[in-house]
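Worksheet for the structure shown next.
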Amino acid sequence: MAPRMNDLDSLVDKAKSAFGAAATPADLENAKALFLGKSGRVTELMKGMAALSVDEKKSRGAAINLAKQAIEAGLNERRQALADAELQAQLQAEAMDVTLPGRNRGQGGLHPVSLTLERIEAIFGSMGFDVAQGPEIETDWFNFTALNTPEDHPARSMHDTFYVEGGSATAPNLLRTHTSPMQIRHAVQHVKKYSKVSSNDGDKSAVSPLYSGSMPEIRVIAPGRTYRIDSDATHQPMFHQCEGLWIGENVSFKDLKFIFVDFCKKFFETDDLVLRFRPSFFPFTEPSAEIDLQFSSGPLAGRWLEVAGSGQVHPNVVRNMGLDPEKYIGFAFGMGPDRLTMLRYGVNDLRLFFDGDLRFLSQFQ
Ligand code: DAH
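Each number in the working numbering corresponds to the 1-based position in the sequence shown with 718 added.
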């Protein structure tokens, strides 16, 4: 029987080395079939016992069983080893280097002009002004006609204004050229609210007859985007304006001067400045003034810098708001937040604000 036992030993060795050579679980299953499968080597040995005597069958059977168990043990061992190796490889592949520097998240921030608009809103808000928003596509009526701007005014020309679809052939819609239309839009809503008189012809038109009852004063600013066909170092086709309007029964140029000086001091965070009201012309104000500012110290000291247009609201405009100009009077102003931003931060080219270069913009965060 001894040589037969050697056969079994060498079969176990062969099986173990075949399992050892299997590099993947699939290879291992193939190797298993060779030895333990239906027509594998162990099954063959079992079949070979048919011719043996009962005693021989007993001892031979026991020996084959031992060999089979040894082969199965070898198989399980290799299975475990392959599974361990696979786990190790996976862990390795997913390993992270905790010593690497973190990935930076790009930090966003407000655009310098937005920062200026926020400042303007906060300062005027503290002086009791509301903030109104209005459409950037405007009608001829609100942008020009209601603001007493005559038919032949240069601002209405095709090469100054972006006309868009809509409106009528003689009065097409346009991208608003200033925020002044918000004077009318806001005042009309205000007057309707407090006069309790509604107009017949649509929500946007003024009340009629003109209102001369009492109402809270209109105090509002209207910041936003405005458009003109213009492009150089100090002009862009899209720019910002902020309108101001203060209408009441007893509001004067003195009040305008007072709040505008106060605003400039707060905005530029200095008392070291003076304002000058220089006579000018706007169709919607009479009298009109350009507001110039001069710092007494700092890099811009001694220069007069134009910061806003202003004036006492023209009686025709007061009428277009639905108010009786015999009773209501007020003033308006329009300033350029882009220019205020340039002055505040000492930037000399307006285009930098709108080129989207982060090296420039991130300096304001
Ligand atoms: N809308 C004028 C412009 O764009 C600026 C302006 C001037 C606004 C005088 C006003 C004002 O409210 O009273 O040039």
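Think of the CB as a built atom: it goes at the ideal place given N, C-alpha and C, for glycine as much as any other residue.
Please read all numbers here as calculations on a predicted model, not as lab measurements.
Asked	Found
What is the DSSP secondary structure of E1004, counted as helix, strand or coil?	strand
Using only CA atoms, which one of A744, D848, S771 lies nearest to A801?	A744
Taking A888 as the reference, give the member of L1068, V909, T857 with the closest Cα.	The amino acid at residue 888 is misidentified as Ala; the sequence shows Thr. Cα-wise, what sits closest to T888 is T857.
With distances taken from CA atoms, which of K786, L770, A781 is nearest A751?	K786
I'd like to know whether the C-beta atoms of D990 and R946 end up nearer to each other than 8 Å.	no
For the stretch 859-873 against the stretch 820-840, are there 3 or more C-beta pairs whose distance is under 8 Å?	no
Do F1072 and Q954 have their C-beta atoms closer together than 8 Å?	yes
Could you give the first and the last residue of the continuous beta strand (DSSP E) run that contains H958?	956-966
Looking at C-alpha atoms only, which residue of Q959, S898, D870, N861 is the closest neighbour of F880?	N861
Could you tell me if M1039 is buried or exposed, where buried requires 16 or more neighbouring beta carbons within 10 angstroms of its beta carbon?	buried
Beta carbon of G1052: closer than 7 Å to some heavy atom of ligand 1?	yes
Give a yes or no on whether the C-beta atoms belonging to L892 and V882 are separated by under 8 Å.	yes
Inspect the beta-carbon positions of A1026 and V938 and report whether they are closer than 8 Å.	no
Looking at T1003 and A1050, is the spacing between their C-beta atoms short of 8 Å?	yes
Identify the continuous beta strand (DSSP E) that holds Y881 and give its terminal residues.	881-885
Quick check on G792: buried or exposed, where buried means 16 or more other Cβ atoms within 10 Å of its Cβ?	buried
Tell me whether F999 is buried or exposed, calling it buried when 16 or more other Cβ atoms sit within 10 Å of its Cβ.	exposed
Under the three-state reduction of DSSP, which class applies to R1077: helix, strand or coil?	helix
Could you tell me whether the stretch 923-938 touches the stretch 1040-1049, where touching means 3 or more Cβ pairs closer than 8 Å?	yes
Only counting the same chain, and skipping five residues up and downstream in sequence, which positions put a Cβ closer than 6 Å to that of M719?	Note that M719 has pLDDT 46, beneath the 50 cutoff, so the model's placement of it is unreliable and no number is given.
Does DSSP classify D848 as helix, strand or coil?	strand
Using 8 Å as the threshold, is the C-beta distance between R778 and F737 below it?	no
State the Cα-Cα distance for the pair L818 and P1055, rounded to the nearest angstrom.	44 Å
So, R903 versus G852, is the Cβ gap smaller than 8 Å?	yes
Indicate the three-state DSSP secondary structure (helix, strand or coil) for N891 in the structure shown.	strand
When burial is assigned at 16 or more other CB atoms within 10 Å of the CB, is V831 buried or exposed?	buried
Pull up the distance between the alpha-carbon of S1080 and that of G843, whole angstroms please.	27 Å
So A801 is in the alpha helix (DSSP H); what residue range does that whole segment cover?	772-812
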